[in-house]
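Residue numbers (the numbering used here): 59 to 461.
Ideal Cβ positions, reconstructed from N, Cα and C, are used throughout, including at glycine.
Here is the structure we will look at.
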Ligand SMILES: Nc1ncnc2c1ncn2[C@@H]1O[C@H](COP(=O)(O)OP(=O)(O)OP(=O)(O)O)[C@@H](O)[C@H]1O
Ligand SMILES: [Mg+2]
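Dropping the structure here:
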């Protein structure tokens with residue numbers, strides 16, 4: 059086991075595809091860190107450079123105290139699990155699992171102990187005598203994981219190892235990886251584009267965009283204090299709502315106004331997170347609020363008048379435990395590069411819809427309301443904004459206003 063570090067690492071493919079830019083990241087010994095970001099942001103490239111499968115254009119990568127830039131993959135002693143795994147088709151599961159240990163000349167007894175232990179953890183005991191062709195996709199994936207994890211290398215590198223699995227198996231395997239990590243404590247770099255996977259699995263999460271590291275932090279920190287619009291929009295599902303607002307400093311406090319004369323008072327916690335708000339009287343900014351911090355005001359006893367907004371309900375999705383309400387607020391929507399990129403990641407129609415709303419100054423909001431919400435399609439609802447929930451971002455840079 060060892061720490062892994064990136065020091066100003068850059069990767070250029072061919073003449074001009076910059077896949078990773080100036081990446082500096084220190085992963086302490088034994089940590090499970092998740093690299094997350096949209097397709098093409100450079101996650102796989104970062105991982106392959108650690109494994110030695112890509113040449114590093116500039117900078118240094120260390121495993122332990124060794125600079126590994128010039129070291130061939132087999133001398134780096136890292137174990138990899140990729141989405142497209144390959145098993146030996148003519149060997150049984152037992153032989154597939156034991157193969158990496160045989161190469162290392164362990165005793166038969168030790169090998170048997172370890173194979174049975176990993177098979178137990180991954181629920182593959184009954185499959186041990188079978189060949190890969192006789193297994194389901196999920197079982198094959200578990201064998202591939204098991205084969206990587208059976209050794210105790212310096213680090214595990216995992217590139218979307220669960221993406222071939224169905225939703226249920228995926229959740230289960232995710233928990234297993236977490237448990238296995240706790241048990242073995244091997245430094246792990248886990249790549250995914252799924253932010254839920256990132257948040258549940260990572261001790262820390264590194265968010266990347268277009269080859270650049272945006273923020274590295276514990277999941278809760280990313281959620282509460284995103285460094286910028288991109289991270290704020292990427293982490294959390296459904297995504298944070300954004301709209302354009304204007305600051306007004308009044309005798310009784312700081313407010314943000316938007317659309318057709320609506321306004322919200324900024325509370326003490328929000329001001330302490332964004333002290334720069336005082337001094338911004340009359341200036342525009344981007345306001346963000348998460349769906350789980352919006353509630354039908356009818357369900358909040360004594361919802362204060364200074365923390366409400368009005369929205370036209372468009373769609374209600376009843377989920378049993380809550381109702382996800384889509385509504386429209388008369389406010390200018392935020393259309394930045396980061397928002398476009400997230401929309402693009404969703405699909406094409408999300409893009410044209412965004413454009414349409416911009417012309418009409420309508421912002422689509424999502425709220426997670428209690429199931430007893432009396433809100434109805436086509437009617438206006440009063441929505442309460444939770445204390446401390448507003449976040450503010452710079453119009454130009456998209457950086458969160460922070461202390
Ligand atoms: N062998 C290659 N030659 C040229 N360009 C490449 C090569 N591999 C990757 N790229 C480019 O480098 C960038 C980063 O790719 P990478 O595979 O690291 O992204 P990723 O974050 O893993 O994406 P995904 O979530 O789709 O797997 C992309 O623009 C990609 O097109
Ligand atoms: Mg990839």
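- Scanning the region 192–229 for uninterrupted alpha helix (DSSP H) segments of 4 residues or longer gives 195–207, listed from N- to C-terminal end.
- Of the heavy atoms belonging to ligand 1, none sits nearer than 7 Å to the Cβ of residue 425.
- DSSP places residue 243 in no alpha helix (DSSP H); its state is neither H nor E.
- For residue 367, no alpha helix (DSSP H) encloses it; the enclosing beta strand (DSSP E) starts and ends at 366–376.
- Residue state for residue 150 is assigned as coil, using DSSP reduced to three classes.
- Comparing alpha carbon positions, the residue from 108, 443, 219 and 243 closest to residue 358 is 443.
- In the pairwise beta carbon analysis, the region 379–393 is classified as touching the region 293–307: at least three pairs are separated by under 8 Å.
- Using a C-beta cut-off of 8 Å, the region 326–339 makes no contact with the region 353–371, since fewer than three inter-stretch Cβ pairs fall below that distance.
- Taken through DSSP and simplified to helix, strand or coil, residue 289 comes out as helix.
- For residue 102 against residue 217, the beta-carbon gap comes to about 6 Å, under 8 Å, which counts as contact.
- For residue 238 and residue 179, the gap between their C-alpha atoms comes out near 8 Å.
- Relative to ligand 2, the beta carbon of residue 217 is positioned inside 7 Å of a heavy atom.
- The residues 445 and 446, in chain order, have a CB closer than 7 Å to that of residue 325 in the same chain once the five nearest residues on each side in sequence are set aside.
- Within the DSSP bridge table, the entry for residue 121 names 62 and 124 as partners.
- For residue 62, the closest of 266, 380, 113 and 126 by C-alpha to C-alpha distance is 126.
- In the DSSP secondary-structure assignment, residue 71 is bridged to 75.
- Distance from the Cα of residue 172 is smallest, within the candidate group 192, 143, 146 and 207, for 207.
- Inclusion of residue 290 and residue 449 in the CB contact set at 8 Å is warranted, their separation being smaller than that value.
- Look at residue 236 here: in three-state DSSP terms it is helix.
- Around the C-beta of residue 327, fewer than 16 other C-beta atoms lie within 10 Å, and the residue is accordingly described as exposed.
- Given a length threshold of 3 residues, each whole run of the beta strand (DSSP E) inside the region 242–279 is given here in chain order: 245–250, 262–267 and 270–275.
- Between residue 436 and residue 266, the CB-CB gap reaches or exceeds 8 Å.
- Distance from the Cα of residue 270 is smallest, within the candidate group 95, 105 and 399, for 95.
- Under the rule that a run must span 4 or more residues, the alpha helix (DSSP H) segments found entirely inside the region 380–412 read 395–404.
- Distances from the CB of residue 460 to the heavy atoms of ligand 1 are all 7 Å or more.
- Summarising the contact set, residues whose Cβ lies nearer than 5 Å to any heavy atom of ligand 1 are, in chain order, 71, 75, 77, 97, 98, 99, 100, 101, 102, 103 and 251.
- For residue 306, the enclosing beta strand (DSSP E) starts and ends at 299–308.
- Beta-bridge partners assigned by DSSP to residue 316: 320.
- Taken through DSSP and simplified to helix, strand or coil, residue 448 comes out as coil.
- Cβ contact annotation for residue 313 (same chain, cutoff 7 Å, sequence separation greater than five): 306, 321, 322, 323 and 324, in chain order.
- Comparing alpha-carbon positions, the option among 242, 241 and 288 lying closest to residue 264 turns out to be 288.
- If you ignore the 5 residues before and after residue 209, its C-beta comes within less than 8 Å of the C-beta of 137, 158, 159 and 162, all in its own chain and listed in chain order.
- By the Cβ criterion, the region 64–76 is in contact with the region 100–119, since at least three pairs of Cβ atoms, one from each stretch, lie closer than 8 Å.
- Residue 88 holds the alpha-carbon nearest to the alpha-carbon of residue 245 among 165, 219, 88 and 285.
- Between the alpha carbons of residue 282 and residue 122 lies a distance of about 32 Å.
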